[in-house]
Structures are given as C-alpha cells and as structure tokens.
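Below is one structure, written out as structure tokens; the observations come after it.
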Amino acid sequence: MVAGWCYDSLSSGGCRQPPGTCNLRHDITKCSCGLILYTYTYESHVHGRRHQEILAGTQRPVSRRRKPPRAKQPCPHCHPTRKFGENELQAHVATHTVQERLQTALEDAQKDKNGIMVSSPEGIDFGIVDEAEQQSAVVVILVQRTDQDDTGMPISLTKCRMLSSLKQDEHDVKFSVAISPTSRFIRSARPLKVVITFHPSYAGRFEDTLELVFFDIAQRRRFVIQRKVCATVGDPTDHEQLAPKAPYSQRKRRNIILDGPVIDRLGPPTWTRPNWESQLPGYKIPRKLVKTLYAPEGNLKRSALQDVKQFMPSSFTTATYAWHFQTLVWLEEAQMTQELDAYSMEDVEMKANYPNYELQVERLAEGRPSVLVGDSILVQPVGQPNETWSKGRVHNVGMNHVSLRFNDAFNTYRGTKFEVRFVLNRVSFRRMHDALGNKNDPARLLFPGPEHLTTARPVTSAMLKELSPLNRDIGRNREQLETVAAIVHQPRGSVPFIVFGPPGTGKTVTIVEAIEQLLKRDPNTRILACTPNNSAADLITQKLMHLGATDVFRMNAMTRKFGDLPKTLHKFSFINDNQVFAMPPLENVLKYRVVVSTCTSAGALAGLGVKRGHFACIFIDEAGQGKEPEIMIPIKGLANKHTNVVLAGDLKQLGPIVHSRLAMDLGLKESYLARLMQRPCYGLSPWDGGVSGGLAVTIMQLVKNFRSHPDILAIPNEQFYGNQLQACGDPLLTKSLENWDELPTKKFPIVFHSVVGRDQREESSPSFFNISEATLVKKYCASLIANKGIRAEHIAVITPYHAQRMKILDLFYRDQKLKDIRVGSVEEFQGQERRIIIMTTVRSNAEFITSDIRRTLGFVASPHRFNVAVTRAQALLVVIGNSDVLALDPLWRSFMNYIHIKGGWRGHRISWDPKAKVDDYVQGVRSKADGEAEDTMARLKALIVNVSEGGDAIPPADSDDEEIDGGLGDGLVLREE
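With positions in the sequence shown counted from 1, the corresponding number in this note's numbering is that position plus 1.
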C-alpha cells in the first residue's frame with residue numbers, strides 16, 4: 002500500500018487515531034463492488050458501466066485496480082499550494098535554476114569593473130516620449146577610467162551595440178548607438194561618450210540592453226559592462242496623472258483569532274427589526290481548524306492542503322454532504338476574514354460625534370475595504386493586547402469615513418490611538434451552514450440519477466401545441482419552446498431541470514416565460530426566483546413587472562444600498578421611512594405569487610417562518626455563478642418532496658468566486674450546475690431513461706444567439722460550444738459598426754491592439770494597472786463617442802483588475818463625454834451586453850514565462866473569463882493587450898491568430914506564425930526561453946576570457962578609425978530598427 006493514505010479509515014471502525022490527529026489522507030472510499038476509489042470519483046463510478054459489470058460478475062474488481070499515486074510535492078521556490086509530480090517537479094526546479102544562474106550573470110554584467118565606470122548604473126530611462134511628436138530622443142552616457150595611473154597600456158572598447166541587433170529582426174530594434182569621439186581607447190583624461198538614440202514608432206514600452214565589450218591590453222583579457230535601456234511612448238499627461246501614488250508594499254498577514262473578548266452592539270437605528278420566527282445560529286469557525294491550517298503569524302502552512310483533509314469526510318454522499326460542504330465554507334470564511342483583515346489599521350484616532358464616532362478609512366470609495374451600513378468594526382486601544390475589543394456598528398458610510406455606534410459603556414478622549422480591525426459580515430456563511438445542516442437531504446436534488454426518473458417523459462408535440470407563449474419570440478424558437486414545455490409538464494418532485502444557456506441565447510427570457518406559464522396554469526401557485534447577485538435578480542423582476550406589485554415581490558437585504566435598486570422596482574420592494582430595505586411580515590410574504598431575491602437573501606424567508614413546500618417551483622438563474630452551498634440556501638431551506646427546481650446557466654461562463662485556494666482545490670470552485678451536468682442523466686444526447694442522455698427531460702440547450710456579430714461569436718462558439726451556436730442577432734445592430742474608421746479591415750468588427758506596456762502596483766493594493774493600455778482605452782472611447790449615434794451607454798470597458806478600473810475611471814472623469822462609460826470587471830458584466838466592448842488585459846510581465854505560465858498571466862488566463870468578456874459585445878470588440886504575454890495561453894493565442902488572419906491587428910507586430918499549431922507553442926516558449934538563457938550565459942562567458950588562454954589576437958595600438966561592430970566608426974549612426 003502506498004504511504005500517505007489511511008486505509009484504516011475504510012474499516013468499519015474507522016481511523017484509529019483521535020479526530021484531527023491522523024497524518025494520513027482520508028479522501029478514499031471503498032465501493033460495494035470492491036474497488037478503492039478517490040472520494041470525488043465515487044458518485045460517477047457507482048452510476049458507471051464498470052461498477053455494473055463488477056456487480057454482475059463480468060469483471061473482477063482487482064483487474065484494473067490502481068494504487069493511489071504518490072503525493073505531489075511543493076516546489077521550494079513557489080507558493081506552497083503549487084504541487085508537482087516527481088518528474089514534473091524536477092523539470093520545474095531545473096527551470097528555476099537556469100533563471101537564477103541567468104539573473105546572477107546579468108547582475109554581474111551590469112557592474113562596473115576593471116577600472117572602467119559607465120554612467121547610469123541604474124539603467125537608462127528615456128522617460129515618456131510623446132507619441133504625437135514622433136521625434137527621436139537622445140541620451141548620452143559617459144565611459145571613463147576610475148584609476149588615475151593609466152600611463153601604461155590603455156583599455157579599448159571593442160564592441161558597442163544594442164542586444165536587440167543580435168536578433169537580426171529590424172522590426173524589434175528601436176534604439177541605435179554611436180560613440181564620440183571615434184577613438185575607442187579610454188584614458189583618464191579622455192572619457193568616451195556613448196550616444197543612444199530612441200526611434201519611437203507606436204505606443205508602448207520599449208526595452209533593450211546596451212552592451213559594451215572592453216579589452217584590457219595590459220591584462221590581455223576582455224570584459225563586459227551592460228546597461229538596461231527603456232523608453233515609453235505615450236501621452237505624458239496621462240502617465241503623470243496615473244503614476245503610482247506610492248511604491249507597492251505587501252500588506253502583512255495576522256492571525257485571524259482575536260486576542261481578547263468582544264463587546265457587541267445592536268444594529269443601526271434606521272433598520273426595521275424583522276420579526277424572526279427562528280434565530281440563526283452562529284456556526285463559528287472551529288478554532289482547531291484555524292490553528293491547524295494557519296501559522297501564528299497568519300500565513301497558510303505549507304501542509305495545509307494535506308492537513309485539512311483530516312476534517313473532511315472519506316466519501317461524498319447524501320449522508321456526508323453537509324459535513325463536506327460545511328468544512329469548505331469554513332475554509333472560505335477563514336480566507337475572506339484574512340483578506341479583509343489586511344485592511345486593518347494601527348495608531349488611528351476617531352473623531353467623536355456623539356453618540357457616534359467617525360473613523361477615516363482610505364480608499365473606502367473604491368470598495369477597498371467594502372463596508373456597508375450594518376457591518377461591524379472592532380477597535381482596541383493601542384498597546385493593550387488581550388484587552389476587550391469594542392465592536393462598533395456602521396451607521397453611515399461616506400466617501401472616506403464611516404460613522405460608528407458603540408455600546409453605551411464605550412468612551413474615549415481626544416488623542417487616544419486605536420488598533421482597528423474590520424469584521425466580515427457572516428450572515429451569508431451562517432445561512433449556508435443552516436441550509437447545509439438541516440435534515441432535508443433528498444437524493445433527487447443532491448445526487449439525481451435514473452432511479453429518480455421513473456415517471457419522466459420527453460416533451461411531445463401535443464405539449465408544444467398546448468402552449469400559447471406570452472412572448473411571441475419564444476413561439477418562433479424551437480429550443481426555448483421545448484424548454485418551457487418541459488418545465489411546465491414536470492411531475493411534482495422531479496429532479497432539477499437544467500436550462501443550459503450559452504451567451505445571448507435568452508435563458509432569462511425563457512425562465513421568465515416558464516414562470517408566467519406556471520402562474521397561468523395555476524393562479525394559486527407560488528414561485529421563488531433566485532440569482533447569485535442583485536443585478537440578475539433585478540433583471541428578472543423587471544421582466545415580471547407587468548404582473549403588478551401585488552403579485553411580485555423583490556426582496557432585498559437590509560444592507561443593500563438603496564440607490565442601487567432601479568427606481569422602477571421601488572414599488573415591488575419593502576422599504577421603510579429611512580429609505581432602508583426591510584423584511585415584510587410573514588402574512589404579506591405568503592400572499593405574493595412570485596418572490597425574487599438573491600440566493601443568500603432567500604435564507605431570510607425561512608427565518609420569517611415560510612415553510613418548506615410553500616413554493617411549488619424554485620428557479621435559480623445564473624446558477625453556474627453561485628457556490629453550491631449558496632445555491633442550497635433556497636433549495637434545502639425551502640423545498641419539500643413536491644417542490645421542483647429549475648437551474649439556468651452556463652458552465653462555460655463564470656463559475657463561483659472562491660477566495661480560498663484550499664476550498665477551491667477541494668471542490669468549492671465547481672458549481673451545483675456543473676456538478677449535476679457531469680451526471681449521466683444530464684447528458685445532452687436524446688432521452689434514454691437517464692442512463693446517458695436527458696435532452697428535453699432533464700436538460701435543454703439553447704443554441705440561437707441573438708446578441709453578437711457572427712465574427713465576434715466565432716471563436717467562443719468553436720472553443721466552448723462545438724460550433725452549435727447560431728448567430729441570429731438583428732443585423733441592423735450587429736453589423737452597424739462594420740465600417741468604423743478605426744477598423745484595420747472593414748466588415749470585420751474586431752480589433753486586437755498589441756501594446757507592450759508595464760503592469761504596475763501601488764501602495765498596499767495587490768491589483769495591477771497598465772498606464773499604456775489605459776491611455777489606449779481612452780483614445781478608442783473618444784474616437785467612438787465622436788461618431789454620430791454612439792453614446793456612452795453603448796460602450797463598456799472590461800478589465801480583470803480593480804486598479805486598472807480605477808485608473809481608467811480617473812481618465813474618464815476628466816472628460817465630460819466619457820464619464821458615463823461603464824468600467825468594470827468581467828464578473829460585473831455577466832448576463833449583460835453592450836453594442837461596443839473594449840477590453841484591457843493589463844498583464845505585460847514576461848519575467849516568469851519559463852517557470853509559471855499561469856503566474857505570468859494571472860487570472861487573465863481563465864477560459865471562463867475570456868468567454869464572458871468576448872461574448873458581451875454586440876457589434877464591435879476591441880481588445881488591448883500584450884500579445885507576446887497573452888500568446889502563452891493557448892486560448893488567447895487561438896483568438897489572436899484568428900484576428901490576425903482576418904485583418905484586425907494593430908500596434909506591436911505579431912511575433913509568431915499565426916498559422917502554426919497552437920498546442921506546440923507554450924512548450925516551445927518555455928524551451929526557447931531556457932535556450933536563450935543558456936545562450937546568454939554562454940555568450941557572456943565567451944566574452945569574458947583571458948586572451949592568453951583563448952589565443953585571441955591583440956588589438957592594434959591606438960587607431961582612431963577602427964570600426965565598432967561593423968560600422969560605427971567616424972561618428973556614423975547605425976540605425977538598428
């Protein structure tokens with residue numbers, strides 16, 4: 002047996018060690034057929050062919066039994082959660098070694114040596130060169146002797162060149178070099194001037210290396226001194242405005258366990274206290290779990306992934322479902338607590354404004370940290386560890402301050418310094434635990450299979466004819482019509498029905514039609530419609546407004562900002578006299594035919610006293626975005642054995658946002674929708690009783706895209722949907738910008754603008770920004786707004802980084818025409834569409850390409866983010882990014898190949914063959930980078946030799962007309978572009 006797995010855990014007595022003390026893994030289980038399996042494969046195995054064959058006696062259980070592989074090991078240079086197999090680890094560490102050797106060689110090459118000093122030891126920076134001027138820029142550096150006694154043999158400069166010239170690619174060379182005077186011999190009284198000229202062409206950052214090769218005649222040896230050279234072409238005003246406010250410094254981590262008791266405080270007086278029928282338990286994170294995973298200083302232990310499995314069940318079944326997910330929810334809460342705690346402050350004062358206190362919080366307007374009315378903040382006098390923490394409740398949130406109310410016993414005086422810690426709002430986590438922990442665990446909802454489909458029937462022609470769609474467009478769409486019919490005719494207590502809706506296919510419209518058809522069939526039926534976020538819930542409510550405010554209720558969390566709710570929905574919500582959302586009495590809730598809320602807020606319904614089964618059907622839109630425990634709040638909390646569940650979403654778009662790497666690795670990243678779609682009964686093949694297909698019975702796929710231009714849809718359709726999507730958008734809209742002036746090729750409404758920028762960070766924010774890309778975003782938006790018929794609301798800018806969003810907004814706020822353009826993350830735009838999408842990818846650092854492709858790209862490399870960002874566009878898509886860095890990801894490279902071949906390329910030229918096979922590229926880049934590193938070290942070593950050993954010829958004496966690198970004598974400037 003392989004060390005690392007606890008096989009005692011498979012016995013009837015279980016693991017012999019006390020709980021939490023076993024050092025072996027427990028994530029294996031023994032099936033009734035005799036096989037030992039990974040826990041996460043158990044459910045799929047028991048429904049599979051091999052399990053059935055073993056039980057039938059046609060296959061022996063030991064015939065294909067494999068031992069668990071050896072545990073993966075972490076790289077000593079990388080994050081502890083990054084682990085590798087034995088062979089993979091050796092290759093990975095070897096890459097680190099090559100890069101470390103290269104870095105050492107380059108650092109040595111940049112040092113002054115052997116009596117020669119070259120100015121600008123920190124490198125030569127041309128600064129910001131105005132793109133509008135298009136004039137060459139010149140910098141002069143000095144090469145001089147540092148020793149005073151140079152009466153003997155001089156030192157000669159034998160080579161003076163830019164390293165880009167070695168690539169023999171004139172397009173990549175933007176710097177040229179010359180010397181003055183033309184003599185290459187260096188004496189104390191006669192320093193040498195090296196003139197570097199930058200020849201700007203297009204916007205972006207340009208980097209090169211000046212290499213000076215010297216020959217010491219007396220010592221008969223060569224040596225090298227290098228200087229880094231850089232220049233940025235762009236708008237000097239933008240670069241000055243957006244420059245980092247302060248150098249980046251990483252926030253320190255701390256132990257999330259408090260060192261003293263806490264005095265609590267009631268909620269804000271503007272709230273209306275709900276009449277809860279039952280109180281929500283605390284469900285606090287077990288201290289033992291925190292101490293096992295985190296070091297005292299707050300860092301995650303290297304053994305955390307291994308250690309956490311002691312707290313996990315050995316199998317994932319109906320019986321262990323709650324245990325499994327409650328552990329993952331605690332992991333997520335611990336990580337989010339630590340992330341919020343990173344904004345803690347020390348040595349700060351509070352201003353008394355009795356009975357409240359005002360606390361200044363920088364970057365509050367940016368949501369860093371995110372603080373809402375009703376949240377809590379802890380304060381403790383500085384220098385008094387283990388003393389009581391006072392919890393203040395937030396009564397008001399300003400641009401850069403919060404107003405806090407403490408317990409009446411709290412008091413302070415001017416000048417008192419406090420330590421401040423922000424408190425994570427735990428309501429959503431407590432509701433997840435409450436739903437997971439209840440005894441409502443129907444297998445038909447958690448692990449649906451063929452055994453739950455005995456009464457299921459596919460949609461018939463008679464069912465379709467019976468329907469009279471309220472939305473006429475649905476009547477002309479076969480897939481949407483079948484979806485509505487399947488939902489309406491589901492027997493009570495069926496397995497969840499899935500509406501698989503790729504981008505722009507109208508899944509929300511479809512479920513709204515299904516809701517209305519259910520209400521039409523039975524006026525007394527009650528429907529609950531939930532989504533993971535408020536904007537999606539608002540959209541559903543807006544599509545149901547015609548039913549009237551007496552039938553439709555939009556339930557909002559009390560902490561939601563009043564101004565965020567569309568004004569048209571005010572009459573559908575319960576709002577108190579203070580313009581704060583409130584919970585209506587139970588009798589009011591029971592009267593509504595449709596209740597719409599987020600999944601988390603739906604937990605309030607059970608607290609108010611709504612019984613399981615009150616809602617005949619529960620709809621979850623954008624189900625792929627929610628974490629499974631979050632989706633279970635309305636399902637496990639409010640469904641009974643008769644309740645039907647409908648999930649609408651797309652597992653190819655954004656999944657749940659998970660902060661904890663541990664929880665992600667253990668399964669929290671997979672949505673409930675995605676997990677169900679892996680089960681055989683949700684196959685997209687024709688209905689066969691649920692053995693391997695469930696089309697039109699358990700699942701329907703929508704295929705008509707009504708949003709995007711066919712060229713915009715092409716790559717997502719090919720990469721994610723097997724070319725099944727059909728572009729059916731209105732050509733008056735989707736083709737309206739085919740002749741835009743900025744298009745490199747008319748009729749092809751996609752632009753990829755390649756720019757080599759610089760990803761930067763500032764202060765304590767870990768988020769990246771790229772000024773060169775932000776400037777280009779502004780220019781494209783200004784060009785579009787200048788067109789007649791294009792308004793700010795037609796344009797959206799998508800960026801994966803918060804810091805880039807803030808920099809772009811800073812530019813937009815200074816231009817009246819641009820200030821209303823919405824800028825946001827990919828997550829903010831899922832489910833939305835715009836006529837024009839401009840995307841800035843930000844990342845431009847290729848430093849780590851040999852060691853970690855994902856680290857270089859960050860989460861830009863997420864296929865789901867790519868899919869969502871690209872498919873928001875209706876008529877025009879502009880992508881701005883560093884093509885060389887993005888090409889490291891196969892999906893991005895396929896996309897850029899497509900654009901280049903179709904003629905949509907601008908800016909920095911493509912550096913690879915767009916017709917080459919994509920799969921071979923990443924490994925080729927790694928190999929090339931390793932090879933270039935080895936070549937660089939070998940070249941530097943060859944230049945730094947003792948001539949008497951190498952047999953090199955001695956350069957002639959003082960000769961003022963000798964050539965340098967083939968043509969720079971006599972002051973000639975060699976253009977190397």
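All residues carry an ideal CB built from backbone N, CA and C; glycine is no exception. Small disclaimer: the values here were computed from a predicted structure and weren't measured.
Apart from the five residues just before and just after residue i, which ones in its own chain have a Cβ nearer than 6 angstroms to its Cβ?
| i | result |
| --- | --- |
| residue 661 | 332, 333, 336 |
| residue 199 | 127, 138, 176, 232 |
| residue 376 | 395, 426 |
| residue 131 | 237 |
| residue 722 | 503 |
| residue 420 | 347, 381, 383 |
What residue range is occupied by the uninterrupted alpha helix (DSSP H) comprising residue i?
| i | result |
| --- | --- |
| residue 630 | 629 to 639 |
| residue 590 | 587 to 592 |
| residue 509 | 508 to 522 |
| residue 145 | Not the alpha helix (DSSP H): residue 145 falls in the beta strand (DSSP E), residues 138 to 146. |
| residue 483 | 479 to 489 |
| residue 827 | 827 to 830 |
| residue 473 | 473 to 476 |
With burial defined as no fewer than 16 other Cβ atoms inside 10 Å of the residue's Cβ, what is the status of residue i: buried or exposed?
| i | result |
| --- | --- |
| residue 628 | buried |
| residue 487 | buried |
| residue 453 | buried |
| residue 500 | buried |
| residue 534 | buried |
| residue 466 | exposed |
| residue 319 | exposed |
| residue 894 | buried |
| residue 141 | exposed |
| residue 113 | exposed |
| residue 594 | buried |
| residue 270 | exposed |
| residue 146 | buried |
Pull up the distance between the alpha-carbon of residue i and that of residue j, whole angstroms please.
| i | j | result |
| --- | --- | --- |
| residue 298 | residue 836 | 49 angstroms |
| residue 911 | residue 253 | 41 angstroms |
| residue 949 | residue 756 | Because residue 949 sits at a pLDDT of 42, beneath the cut-off of 50, its placement in the model cannot be relied upon, and the following sentence gives the value as read from the coordinates. Answer to the nearest angstrom: the Cα atoms are 47 angstroms apart. |
| residue 250 | residue 762 | 9 angstroms |
| residue 673 | residue 30 | 22 angstroms |
| residue 463 | residue 577 | 49 angstroms |
| residue 120 | residue 138 | 18 angstroms |
| residue 804 | residue 760 | 10 angstroms |
| residue 731 | residue 713 | 14 angstroms |
| residue 849 | residue 693 | With a pLDDT of only 44 at residue 849, under 50, the local geometry of the prediction cannot be trusted, and the value read off the model is given with reservation. Going by the C-alpha atoms only, they are around 43 angstroms apart. |
| residue 572 | residue 550 | 6 angstroms |
| residue 738 | residue 823 | 20 angstroms |
Determine the extent of the beta strand (DSSP E) in which residue i is found, giving its start and end residues.
| i | result |
| --- | --- |
| residue 391 | 390 to 398 |
| residue 348 | 346 to 349 |
| residue 208 | 205 to 217 |
| residue 161 | 156 to 163 |
| residue 796 | 796 to 799 |
| residue 326 | Run containing residue 326: none in the beta strand (DSSP E); it sits in the alpha helix (DSSP H), 322 to 342. |
| residue 229 | 222 to 235 |
Got a sec? Which residues, its chain only, sit under 8 angstroms from residue i by beta carbon, not counting five neighbours each side?
| i | result |
| --- | --- |
| residue 399 | 365 |
| residue 818 | 783, 786, 793 |
| residue 616 | 527, 528, 529, 596, 639, 640, 644 |
Grab me the residues of residue i's own chain with a C-beta within less than 7 angstroms of its C-beta, minus the 5 sequence neighbours each way, in chain order.
| i | result |
| --- | --- |
| residue 478 | 705 |
| residue 678 | 499, 652 |
| residue 85 | 73, 74, 76, 93 |
Going by the C-beta, is residue i closer than 6 angstroms to any heavy atom of the ligand SAH?
| i | result |
| --- | --- |
| residue 868 | With respect to the ligand SAH, the structure offers nothing, as it holds no ligand at all. |
Assuming residue i contacts residue j under a Cβ cut-off of 8 angstroms, what Cβ separation, rounded to an integer in Å, is found between them?
| i | j | result |
| --- | --- | --- |
| residue 403 | residue 428 | In fact, because the Cβ distance is near 19 angstroms, the residues do not count as touching under 8 angstroms. |
| residue 633 | residue 410 | No, residue 633 and residue 410 are not in contact; Cβ-Cβ is about 40 angstroms, not under 8 angstroms. |
| residue 751 | residue 878 | 5 angstroms |
| residue 545 | residue 553 | 5 angstroms |
| residue 357 | residue 406 | 5 angstroms |
| residue 369 | residue 33 | 52 angstroms between Cβ atoms; not a contact. |
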